[in-house]
Amino acid sequence: MIKIPFVGAAILVVLSLVPALAAAADDRLGGTRVAQFDAEDTYDPFADYSEFDEAQEEEADINFFRNGRFVTIGFTGGFRGFTGSLGEMYTFEPAFGLYLSYFFDLRFALQFSFLTSDHTFSIRSPSGQSARGSVGITSFGLDMKFYVNTQNVTKGLAKLNPYLIGGFSRVDRTTTINSEDIQGFGKEGAMAVNLGAGIELPMMRNKMYFGAQGMYQLVNFANENTEIVFNQGGERTGKYPNGDTYTLLGIIGINF
207 MIKIPFVGAA ILVVLSLVPA LAAAADDRLG GTRVAQFDAE DTYDPFADYS
257 EFDEAQEEEA DINFFRNGRF VTIGFTGGFR GFTGSLGEMY TFEPAFGLYL
307 SYFFDLRFAL QFSFLTSDHT FSIRSPSGQS ARGSVGITSF GLDMKFYVNT
357 QNVTKGLAKL NPYLIGGFSR VDRTTTINSE DIQGFGKEGA MAVNLGAGIE
407 LPMMRNKMYF GAQGMYQLVN FANENTEIVF NQGGERTGKY PNGDTYTLLG
457 IIGINF
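Number 436 in the working numbering belongs to position 230 of the sequence shown; there are no gaps in the numbering.
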């Protein structure tokens, strides 16, 4: 009869400890969950960076839509000259044209261009026999433009928007000689490699710009290794119509 009250008291003590034990267990589980959450936030060197790349690409797209250009239509005017023997036979004359640029982003653009010029042709043999004429040069170009990153340079240079340009052109040459003493001239064409650089100065809140560009064209016409010879008496001139062409142009463009 004495053992029954003792057993009942023990049961009451155990029951009173159950809530405290449950609370302690919850605290331990909560601490474990916090520890696991903290562990997930630690740096993982093998994490996938695709999400960060997408965020950077989205930011670049937003910047392009706000500050970039989609299409530019422009007019060019300046001078075209020649090197080598062509520079001795052809005069340095004005050149005019137009172009259209399509921008992929803030740095790269594809440009289609047209340029034409007329020059005076003259040649003289060692004995004094001479001939004169005119030469028309027309070129159609397809070039890539790369705008240099100016974030780490002075503010004045950044406003000039310097760029590099390179590509290919179809150059057509039409020669008219005012003499029957020289033959072998007419209309011909050749492919050329374009290399150049330029600057652009924005105006009217980037709606327009003025610029300047210099370009060198490496061109090889079919008769550049053929000596020019007068028909009368077969007198040799010692001149070969070889050389390249270059242009110095001013630019005015409209941005869209």
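Backbone N, C-alpha and C define an ideal beta-carbon position, used for all residues, glycine too. Note that this is a predicted model, so its numbers are computed, not measured.
Around the C-beta of residue i, are 16 or more other C-beta atoms found within 10 angstroms, so that it is buried, or is it exposed?
i    : result
S375 : buried
D349 : buried
N400 : buried
M295 : buried
T278 : buried
R239 : Its pLDDT being 49, under 50, R239 is placed unreliably by the model, and the measurement read from it follows with that caveat. Looking at its Cβ environment, which holds fewer than 16 other Cβ atoms inside 10 Å, R239 is exposed.
L407 : exposed
Y373 : The question names Tyr, yet the displayed sequence has Gly at residue 373. When all chains shown are included, G373 counts as buried.
A428 : exposed
M421 : buried
L235 : In this prediction, L235 has a pLDDT of 49, which is less than 50 and means its spatial position is unreliable; what the coordinates show is noted afterwards. Flag for L235 reads exposed.
Give me the Cα-Cα distance between residue i and residue j, rounded to the nearest whole angstrom.
i    : j    : result
T360 : N367 : 12 angstroms
I371 : Q357 : 20 angstroms
K445 : T380 : 19 angstroms
T432 : P447 : 7 angstroms
F302 : S331 : 32 angstroms
L292 : A403 : 23 angstroms
L363 : N355 : 11 angstroms
L312 : F281 : 21 angstroms
T326 : G440 : 24 angstroms
M409 : Y369 : 17 angstroms
G290 : I405 : 28 angstroms
V425 : F288 : 10 angstroms
G392 : M414 : 40 angstroms
M397 : T443 : 27 angstroms
S307 : K365 : 20 angstroms
G395 : T297 : 19 angstroms
L316 : N412 : 19 angstroms
Q419 : G449 : 21 angstroms
Y305 : S333 : 45 angstroms
L455 : P300 : 9 angstroms
To which residues does DSSP link residue i through a beta bridge?
i    : result
Y452 : G287 and Y422
A396 : V377
G444 : Answer by DSSP bridge pairing: none, since G444 is not bridged.
P408 : Y415
F352 : F314 and L370
V435 : R442
L463 : No answer is possible for residue 463: the residues shown for the chain start at 207 and end at 462.
V195 : Past the boundaries of the shown model lies residue 195; the chain is included only from 207 to 462, so the question cannot be answered.
N461 : T278
F346 : F320 and R376
So, using beta-carbon positions, are residue i and residue j closer together than 8 angstroms?
i    : j    : result
V377 : Q423 : yes
G417 : I457 : yes
F309 : G274 : yes
F352 : F320 : no
G284 : T453 : yes
F436 : I383 : no
S323 : R286 : yes
F462 : F314 : no
I329 : A337 : yes
Any beta strand (DSSP E) of 3 or more consecutive residues that is wholly inside the region 293-339:
299-309 and 314-330
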